Amino acid sequence: MGIGVLLGLFGVSIFQPLWAEEPGVSATTIKIGSSMMLTGPAAFWGQGSDKGARAYFKHVNDQGGINGRKIEFINTDNQYKPVVAVAAVKKLIEKDEVFVLMGLQSAACILAAEKVFGEAGVPLIAPITTGQAMVNPPRKYLFVVFTQYKDQGKVLVDYLAADSKWKNIKIAAIYQDDDFGKDGLDGVEEQVKKYAGMKVVAKEPFARGAKEFSSQVLKCKQSGADGLFISCSVAESAMIMKEAEKIAWKPLFMVLSGAADDKLVELAGPVSEGLIAVTNVVIPTEKENPVVKRTTEIIHKAHADQAINVPAVDGVAVAMVTVEAFKRAGTNLTRAKTIEALEGMKNFETGIIPPVSFGPDRRQGCTDAFVYKVQSGKFIFLK
Numbered sequence: 048m049g050i051g052v053l054l055g056l057f058g059v060s061i062f063q064p065l066w067a068e069e070p071g072v073s074a075t076t077i078k079i080g081s082s083m084m085l086t087g088p089a090a091f092w093g094q095g096s097d098k099g100a101r102a103y104f105k106h107v108n109d110q111g112g113i114n115g116r117k118i119e120f121i122n123t124d125n126q127y128k129p130v131v132a133v134a135a136v137k138k139l140i141e142k143d144e145v146f147v148l149m150g151l152q153s154a155a156c157i158l159a160a161e162k163v164f165g166e167a168g169v170p171l172i173a174p175i176t177t178g179q180a181m182v183n184p185p186r187k188y189l190f191v192v193f194t195q196y197k198d199q200g201k202v203l204v205d206y207l208a209a210d211s212k213w214k215n216i217k218i219a220a221i222y223q224d225d226d227f228g229k230d231g232l233d234g235v236e237e238q239v240k241k242y243a244g245m246k247v248v249a250k251e252p253f254a255r256g257a258k259e260f261s262s263q264v265l266k267c268k269q270s271g272a273d274g275l276f277i278s279c280s281v282a283e284s285a286m287i288m289k290e291a292e293k294i295a296w297k298p299l300f301m302v303l304s305g306a307a308d309d310k311l312v313e314l315a316g317p318v319s320e321g322l323i324a325v326t327n328v329v330i331p332t333e334k335e336n337p338v339v340k341r342t343t344e345i346i347h348k349a350h351a352d353q354a355i356n357v358p359a360v361d362g363v364a365v366a367m368v369t370v371e372a373f374k375r376a377g378t379n380l381t382r383a384k385t386i387e388a389l390e391g392m393k394n395f396e397t398g399i400i401p402p403v404s405f406g407p408d409r410r411q412g413c414t415d416a417f418v419y420k421v422q423s424g425k426f427i428f429l430k
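Per the working numbering, the very first residue in the sequence shown carries number 48; after that it's consecutive.
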């Protein structure tokens, strides 16, 4: 798809409003709810995504809204805690009466809250996370956009296998001991079996919230690995890399989308040079890319001081998919029609994430991923 067509997606068609008697929808508004990591250890991600989503919704509202309706976005803090997320989702549905949920963060939080929004019949569109447990089996009201960590792990291994320098790599892994950390490792382990020269030689878990990684890093070094796959968030990934630096270990560092952001390079410093990252969203380092430029303009129009980073682009991406679903659902907007519109979405191009496709029995939107390398202190697109 050409750049002109992609940029056209940032515009919104406007029609005469028709009031659909559905919670969260009036003649003039559509109420969307979310619960992101606005405080706590992953606040950097939640705050950026919140501003990205709000910026795109402002862009849509400034053009007249969707079929004459303006978007009202209510975001709450889940603190990266499942019990808090459940309470937040319950409030959004029962008190705030949102039409849909969008962009919830943390797979553990979403799975904990799934019973609440599922029983209420409220769709969750494009959570800003991913995970096998969210799509296998498919859930009627849960539409996951971002490429699975497991699939990202496979993309990483395929990339390494195609590089003569790394086709015989011995990989050690340090991972958060939950679905978030394990899914990516599952993909790496499964794909490594397809290549005779590769092997996983060590696997070291850690509990969510850990701050000390010296034992795991030392064991991985002692395994003889020449690559370290890190499956966790930005802050923990940076700490692990710095720990390796302390003991003079210089493996090839590898991360997935949960850590692939400029913030990682900032926190880890020079030790991040050469790192390979697989991600499900464009890392906005190529400032002259027309789609990146347009995304930057939209974000800065709403939030002049917001860094143009992966969390913010995530927020724009999920807002784009949600708006597209509403447009396709038509003027008489209902949850049932929104679900039908999502199920009919095939290869929808945003320009900032891989093509999005859903179906009656498919709740995984993207299946491809991008590969980047840190070079001279910034992420460079590889494939």
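Beta carbons are placed, not taken as given, at the ideal position from N, Cα and C, and that holds for glycine.
Since we're looking at a predicted model, the values are computed, not measured.
Option nearest residue i by Cα separation, candidates the options
i	options	result
ALA372	VAL357, ILE355 and PHE405	PHE405
GLN263	CYS413, SER319, ILE287 and THR342	ILE287
VAL302	GLY274, GLY80 and GLU290	GLY274
CYS279	GLN223, GLY391 and ARG409	GLN223
ILE355	THR332, TRP296 and ALA249	THR332
ILE330	VAL182, ILE427 and ASN108	ILE427
ALA306	LEU139, PRO184 and TYR196	TYR196
ALA364	LYS297, THR397, GLY244 and ASP352	THR397
PHE120	LEU158, ILE140 and LYS78	LYS78
ASP415	LYS289, GLY200, LYS217 and LYS138	GLY200
GLU512	LYS289, ASP124 and ALA134	Given that the chain is displayed from residue 48 to residue 430, the structure contains no residue 512 and the question cannot be resolved.
GLY391	ILE399, THR381 and PRO407	PRO407
PRO88	ARG255, ASP309, GLY412 and ASP308	ARG255
LYS420	ALA295, GLY412, GLN411 and LYS430	LYS430
GLY112	ALA159, THR378 and GLN269	THR378
ILE216	VAL131, LEU299 and LYS334	LEU299
MET245	SER270, VAL72 and TRP213	TRP213
ASP431	ALA180, LEU265, LYS187 and LYS266	Nothing in the structure corresponds to residue 431, since the chain is present only between 48 and 430.
GLY168	ILE175, GLU144 and GLY115	GLU144
LEU322	GLN411, ILE399, GLY424 and ARG382	GLY424
ILE118	ASN125, GLU141 and HIS106	HIS106
SER304	GLY71, SER211, ILE175 and LEU85	ILE175
ALA100	GLU320, SER153 and GLY80	GLY80
Cβ-Cβ separation, residue j to residue i (assumed contact under 8 Å), whole Å
i	j	result
LEU151	SER82	5 Å
ALA219	ALA272	4 Å
LYS98	ALA359	6 Å
PHE395	PRO402	7 Å
ALA102	ILE345	5 Å
ARG409	PRO185	7 Å
GLU69	THR381	5 Å
CYS413	VAL192	6 Å
ASP198	GLY234	6 Å
CYS156	ILE221	Rounded, the Cβ-Cβ distance is 23 Å, inconsistent with contact.
ASN122	VAL131	With a Cβ gap of about 13 Å, ASN122 and VAL131 do not count as contacting.
VAL136	ALA160	4 Å
Sheet register partners of residue i (DSSP bridge)
i	result
GLY391	In the DSSP output, where bridge partners are listed per residue, GLY391 has none listed.
ASN108	The partner list for ASN108 (beta bridge, DSSP) is empty, contrary to what the question assumes.
GLU320	DSSP output for GLU320 lists no bridge partner at all.
ASP124	MET83
GLU119	LYS78
ARG409	GLY406
ILE113	ARG116
VAL431	The chain is shown from 48 up to 430; residue 431 falls before or after that span and cannot be answered.
LEU189	LEU171
N-terminal and C-terminal residue of the alpha helix (DSSP H) that residue i is part of
i	result
GLN157	Note that residue 157 is Ile in the sequence shown here, rather than Gln. Unbroken alpha helix (DSSP H) run through ILE157: 154 to 167.
GLY231	226 to 239
LYS137	129 to 141
THR414	Careful: THR414 lies outside any alpha helix (DSSP H) and carries neither H nor E.
GLU290	281 to 293
THR342	337 to 349
VAL328	No alpha helix (DSSP H) contains VAL328, which DSSP labels as neither H nor E.
GLU371	357 to 376
SER423	Premise fails: SER423 is in no alpha helix (DSSP H) and is neither H nor E.
LEU207	196 to 208
LEU265	261 to 269
GLN353	Careful: GLN353 lies outside any alpha helix (DSSP H) and carries neither H nor E.
VAL182	179 to 182
beta-carbon residue i near the ligand MG non-hydrogen atom, thresh 7 Å
i	result
VAL312	In the structure on display, the ligand MG does not appear, and there are no ligands present to speak of.
N- and C-terminal bounds of the beta strand (DSSP E) containing residue i
i	result
TYR222	217 to 223
VAL312	Run containing VAL312: none in the beta strand (DSSP E); it sits in the alpha helix (DSSP H), 309 to 315.
LEU148	147 to 149
PRO252	246 to 253
LEU275	274 to 278
LEU299	299 to 302
Test: residue i CB closer than 8 Å to a CB of chain D
i	result
ALA254	Of the chains in the structure shown, none is chain D; there is only one protein chain.
Does the stretch 336 to 345 touch the stretch 78 to 92, meaning 3 or more C-beta pairs lie closer than 8 Å? no
Does the contact criterion of 3 or more C-beta pairs under 8 Å hold for the stretch 232 to 251 versus the stretch 199 to 216? yes
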